[in-house]
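**Student:** Following the working numbering, the numbering of the sequence shown begins with 2 at its first residue and continues without gaps.
Yeah, the Cβ is synthetic: ideal placement off N, Cα and C, and Gly gets one too.
Bear in mind the structure is a predicted one, so any value in this text is a computation, not a measurement.
Structure incoming, see below.
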Amino acid sequence: MRRFVKEEEGQALVEYALIIGLISVVAIAALSLISGTVGDMF
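In structure tokens:
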């Protein structure tokens with residue numbers, strides 16, 4: 002039973018890490034696109 006709980010905690014940690022990584026990639030891509038547009042405005 003303890004092993005099952007540990008496996009679920011580890012799985013949740015990996016899922017959170019993947020979500021944070023995906024959000025980071027999207028944020029970096031969005032910022033790079035926006036920075037070019039803002040630079041052209043000024």
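What's the gap between the Cα of residue 25 and the Cα of residue 12?
**Tutor:** 20 Å
**Student:** What's the C-alpha gap between residue 31 and residue 37?
**Tutor:** Going by the C-alpha atoms only, they are around 10 Å apart.
**Student:** What's the C-alpha gap between residue 15 and residue 9?
**Tutor:** 10 Å
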